[in-house]
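**Q** Residue numbers (this note's numbering): 397 to 1237. Cβ atoms here follow ideal geometry from the backbone N, Cα and C, with glycine treated the same way.
1) If you reduce the DSSP assignment to three classes, tell me which class residue 755 lands in.
2) Whose CA, out of 609, 976 and 649, lies closest to the CA of residue 820?
3) Given this structure, state the Cα-to-Cα distance separating residue 856 from residue 1034, to the nearest angstrom.
4) Give every residue of the same chain whose Cβ lies closer than 7 Å to the Cβ of residue 875, excluding the five residues on either side of it in the sequence, and list them in chain order.
5) Helix, strand or coil for residue 1007, going by three-state DSSP, please let me know.
6) Have a look at 447, 878 and 601 and flag the residue whose alpha-carbon is nearest the alpha-carbon of residue 398.
7) Ignoring anything shorter than 3 residues, give me the beta strand (DSSP E) runs that lie fully in the region 523-587, in order along the chain.
8) Using only the alpha-carbon positions, how far apart do residue 902 and residue 1127 sit?
9) Where does the unbroken alpha helix (DSSP H) through residue 1050 begin, and where does it stop?
10) In whole angstroms, what separates the C-alpha of residue 735 from that of residue 682?
11) Applying the 10 Å Cβ sphere with the 16-neighbour rule, what's the burial state of residue 454?
12) Can you give me the C-alpha to C-alpha distance between residue 354 and residue 1185, rounded to a whole angstrom?
13) Which residue marks the beginning of the alpha helix (DSSP H) containing residue 1151, and which one marks its end?
14) Can you check the region 957-1042 for any beta strand (DSSP E) of at least 3 residues that lies completely inside it and give the ranges in chain order?
15) Looking at the structure shown, is residue 764 part of a helix, part of a strand, or coil, going by DSSP?
16) Given a cut-off of 8 Å, decide if residue 909 and residue 973 are closer than it, judged by their beta-carbon atoms.
17) Identify whether residue 460 lies in helix, strand or coil by the three-state DSSP scheme.
18) Can you round the beta-carbon distance between residue 700 and residue 950 to whole angstroms, since I take them to be within the 8 Å contact cut?
19) Are the beta-carbon atoms belonging to residue 679 and residue 732 less than 8 Å from one another?
20) When DSSP builds the beta bridges, which residues end up paired with residue 599?
21) Quick check: residue 796 and residue 846, are their CB atoms within less than 8 Å of each other?
22) Between residue 476 and residue 838, what straight-line distance do the alpha-carbon atoms span, to the nearest angstrom?
23) With distances taken Cα to Cα, identify the nearest neighbour of residue 1190 among 1203, 1159, 566 and 713.
24) Run through the DSSP bridge pairs and tell me what residue 923 is partnered with.
25) Classify residue 677 as helix, strand or coil using the three-state DSSP reduction.
26) Let me check understanding here. Comparing Cα to Cα, which of 1106, 1170 and 965 lies closest to residue 1037?
27) Where does residue 1208 sit, in a helix, a strand or coil, going by DSSP?
28) What is the rounded straight-line gap between the Cα of residue 405 and the Cα of residue 1008?
29) Taking residue 717 as the reference, which of 676, 668, 452 and 692 has the closest Cα?
30) Just curious, the alpha helix (DSSP H) that residue 403 is in, first and last residue?
31) By DSSP's criteria, residue 889 is part of a beta bridge. Which residues make up the other side?
32) Straight-line CA distance for residue 514 to residue 794?
33) Scan the region 1081-1157 and note each continuous beta strand (DSSP E) run of 3 residues or more that stays entirely inside, going in chain order.
34) For residue 585, count the other beta carbons within 10 Å of its own beta carbon; 16 or more makes it buried, fewer makes it exposed. Which is it?
35) Tell me the rounded alpha-carbon separation between residue 1088 and residue 501.
36) Just curious, the beta strand (DSSP E) that residue 814 is in, first and last residue?
Set out below in structure tokens:
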């Protein structure tokens, strides 16, 4: 048995509340270890818990160090349990680095990744785990084994592999034994019996722990010495000693077949994703600029990583948590913008007077480029600072068309843009029946009309068209302001502001290709992955046999049509058609070849029952009006079509120009002496961050490049003649610095409070009826426990609604949140009691 906690530091309660609970957890741990020196406890695989603890109880540091050094407390190897689907590459790397630093600080090392509740995993994670000396992983969600087994081998495309333990029965299957002592022995035997059929080694993972559990226990106090309190390392070692040829899985683990990965979280509260994307870009840029003056920005990385914990960036928490995230992003943005300007002024100290671009793309360019404000001749030799000598001249041209060496484009009267044989810029509006976790849409009658379409500016090398539209349906009203930018590159850039009112809808940006057969390729961290258009490899709604008693948590059912991406989605055959997007993460490609980029998904509840495509319990029934996204939100997309294949340098050259656009600025000084450029590095590989004095890169191509094999992650050295920063500062003016995606939240109206009050009153009546019914039932009967299970469910929901009401009134109900946490634990324990009783019948 492995004793642990899964610490959702921010979900139905903010970290300001949950951090206070940590003190109780550790006081209990100290007591357990004082009684049994061989007690072992897994601290959720993340070092952030210790950081949070010491923020409220710094006097515990010495005792924590003792527990870690003695092996009683296992911390790391990650800093935080981030969502790998939504986290940028630099954050994934920093999450490993910060975890490693924290472990070194406390004199420990953890070579097993404990990732028991992340909502799926990226394809390159085995290679990344190997890079940080991690040989195994315990995981639950995302596994897509055809024949489920507890032991399996997970590989990346480069051949890296990790040994994995699949927690098919979840991470809490023997939680709360001390609270169900009468059933403890039966629960133990039952779990062994139902899980052993999935174990190739005969080793069965029994886990005593739950979300935010402040009462860790020693199961030997209840079950005696037949139980061994083990560790992830010991369990994995013993299991794989007995399995000579474990089944192998390659690539992504994003299946909801055995446990939900909640695809809807990719588009929930899209404003958070956009803010996160902007901050991540600035962190990456400032870290590179900081390399030249030897400054570290670790604390900024830690601030950012806390926002990427799966419940945070997925947007499935209460509104207060996500409003605080926006404050954190704004604070980071302000600090990074200031640092960026200071460091750029130092690097520009040796330049002569004039206009320059700071390029973060490692590729070379010599093209007329328009950023939406300025059109100029971009001549760059990799990443660095390069002088701009030519700007495009404006001319009178009001035609709604544009042509260059790559495409021919013209607008239709309804605002649709025809490029070659493809139609782009079509809006689709659907009714959303889901919640913050899962999308569940149905057809919705809507209209889309053009208010304005006109040429804003035209030049010899570029054109900007302004478009305004209204998308309208029952209870939904959306206004758009769009600017479409053409230049001499193969990119058509689409700047889009969506201002909406209404609720429970999904707005998508559609590109119609009529391509029924091409491969679907999507950019994900460190990789380009190929996917089916529809995932139908799921289990039926009702399952029988060995799986029925094991899979107690929510699963995806039916078919999955929404998938994650970071950067672009492409259809590839003889030509490539790609839609690129910044900070947007959910797409779908249907059988007709329509590429749908989901912009705004409006919902009102963290979780609710009866959501199509999902079975089981997803989260609390809590009202979150901010998740309706009633605000003005800015998006940036681009269209690309070419014969260049996706996994080639030619494609990534243009994707990098979109994803890392140059920053235009001027150098102002009295004299005109100095250089015309400052070079950083130049190579045809996407880069992630500075690492060990070099640049961390990866090879997404189909051939070896710069000594890296296809799919390999590695570090390239920087040149010896790096820029000097000791030449003094110059006055600079930035023209197109990335803007912070602002969001203005709507106030809750009285009608919403009345609605919540009515729901609470209705649930109170239901709960009281169950309490009255329970008093009349024999306590030893099966019916008594089934009724108690229903009562605990009702009481939990009632508390969730009461917490919601307090929150919308502007209060943080600390005591109610604590009661809710305790009730959630009781209800979860009873899930296993009821399943045990049903199996016994």
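**A** Quick answer:
1) The residue labelled residue 755 in the question sits at position 359 within the chain shown. In this structure, residue 755 counts as strand in the three-state DSSP scheme.
2) One-based indexing of the chain shown puts residue 820 at position 424. Comparing Cα positions, the closest option is 976.
3) What you label residue 856 is simply residue 460 of the chain shown in a count that begins at 1. What you label residue 1034 is simply residue 638 of the chain shown in a count that begins at 1. One C-alpha to the other measures close to 21 Å.
4) To locate residue 875, count along the chain shown from 1; it is residue 479. Closer than 7 Å at the Cβ level, and outside the excluded window around residue 875, lie 866 and 895.
5) The residue given as residue 1007 occupies position 611 in the chain shown. Residue 1007 falls in the coil class under three-state DSSP.
6) Reading the chain shown from its first residue, position 2 is the one you call residue 398. Of the candidates 447, 878 and 601, the one whose C-alpha sits nearest the C-alpha of residue 398 is 601.
7) 532-535, 547-551 and 557-562
8) Here residue 902 refers to the residue found at position 506 when the chain shown is read from its first residue. Here residue 1127 refers to the residue found at position 731 when the chain shown is read from its first residue. Answer to the nearest angstrom: the Cα atoms are 46 Å apart.
9) As a first step, residue 1050 is located in the chain shown; it is residue number 654 there, counting from the start. Per DSSP, residue 1050 belongs to the alpha helix (DSSP H) from 1045-1055.
10) Residue 735 sits at position 339 when you count from the first residue of the chain shown. Residue 682 sits at position 286 when you count from the first residue of the chain shown. Answer to the nearest angstrom: the Cα atoms are 7 Å apart.
11) Here residue 454 refers to the residue found at position 58 when the chain shown is read from its first residue. Looking at its Cβ environment, which holds fewer than 16 other Cβ atoms inside 10 Å, residue 454 is exposed.
12) Only positions 397 to 1237 of the chain appear in this structure, which leaves residue 354 out of reach.
13) Taking the first residue of the chain shown as 1, we reach residue 1151 at position 755. Unbroken alpha helix (DSSP H) run through residue 1151: 1146-1171.
14) 964-968, 972-977, 982-985, 990-998 and 1028-1038
15) Taking the chain shown and counting its residues from 1, the one referred to as residue 764 is at position 368. Of the three classes helix, strand and coil, the one that applies to residue 764 here is strand, per DSSP.
16) As a working note, residue 973 is residue 577 in the chain shown. As a working note, residue 909 is residue 513 in the chain shown. Cβ distance < 8 Å, so residue 973 and residue 909 count as in contact.
17) Residue mapping note: residue 460 aligns to position 64 of the chain shown, counting from 1. Residue state, collapsed to three classes: helix.
18) Sequence index remark: in the chain shown, residue 700 carries index 304 (1-based). Sequence index remark: in the chain shown, residue 950 carries index 554 (1-based). Wrong, their Cβ atoms sit about 29 Å apart, outside the cutoff.
19) Stepping through the chain shown from its first residue, residue 679 is reached at position 283. Stepping through the chain shown from its first residue, residue 732 is reached at position 336. At a Cβ-Cβ threshold of 8 Å, residue 679 and residue 732 count as neighbours.
20) Position 203 of the chain shown, counting from 1, holds the residue named residue 599. In DSSP, residue 599 forms no bridge with anything.
21) Counting from one through the chain shown, the residue named residue 796 turns up at place 400. Counting from one through the chain shown, the residue named residue 846 turns up at place 450. No, the pair does not count as a contact, with Cβ atoms beyond the cut-off.
22) If you number the chain shown from 1, residue 476 lands on position 80. If you number the chain shown from 1, residue 838 lands on position 442. Near 36 Å, if we compare the C-alpha coordinates of residue 838 and residue 476.
23) In the chain shown, the residue the question calls residue 1190 occupies position 794. Checking every option, the nearest Cα to that of residue 1190 belongs to 1159.
24) For the purposes of this step, residue 923 is identified with residue 527 of the chain shown, where counting begins at 1. In the DSSP output, where bridge partners are listed per residue, residue 923 has 920.
25) For the purposes of this step, residue 677 is identified with residue 281 of the chain shown, where counting begins at 1. Of the three classes helix, strand and coil, the one that applies to residue 677 here is helix, per DSSP.
26) As a working mapping, residue 1037 is identified with position 641 in the chain shown. Looking at the Cα atoms, 965 is the closest of the given residues.
27) The residue you call residue 1208 lines up with position 812 of the chain shown. Three-state result, residue 1208: coil.
28) Translated into the one-based positions of the chain shown, residue 405 becomes position 9. Translated into the one-based positions of the chain shown, residue 1008 becomes position 612. When rounded, the distance between both Cα atoms is 29 Å.
29) In the chain shown, the residue the question calls residue 717 occupies position 321. The candidate whose alpha carbon is nearest that of residue 717 is 668.
30) Position 7 of the chain shown, counting from 1, holds the residue named residue 403. From DSSP, residue 403 is part of no alpha helix (DSSP H); its letter is neither H nor E.
31) For the purposes of this step, residue 889 is taken as the residue at position 493 of the chain shown. In DSSP, residue 889 forms a bridge with 881 and 1034.
32) The residue given as residue 514 occupies position 118 in the chain shown. The residue given as residue 794 occupies position 398 in the chain shown. Spanning the two alpha carbons is a distance of roughly 51 Å.
33) Qualifying beta strand (DSSP E) stretches, in chain order: 1083-1087, 1090-1094, 1109-1113 and 1127-1130.
34) Counting from one through the chain shown, the residue named residue 585 turns up at place 189. Label assigned to residue 585: exposed.
35) As a working note, residue 1088 is residue 692 in the chain shown. As a working note, residue 501 is residue 105 in the chain shown. Roughly 19 Å separates the two Cα atoms.
36) Position 418 of the chain shown, counting from 1, holds the residue named residue 814. It spans 813-815 - the beta strand (DSSP E) in which residue 814 sits, taken as one unbroken run.
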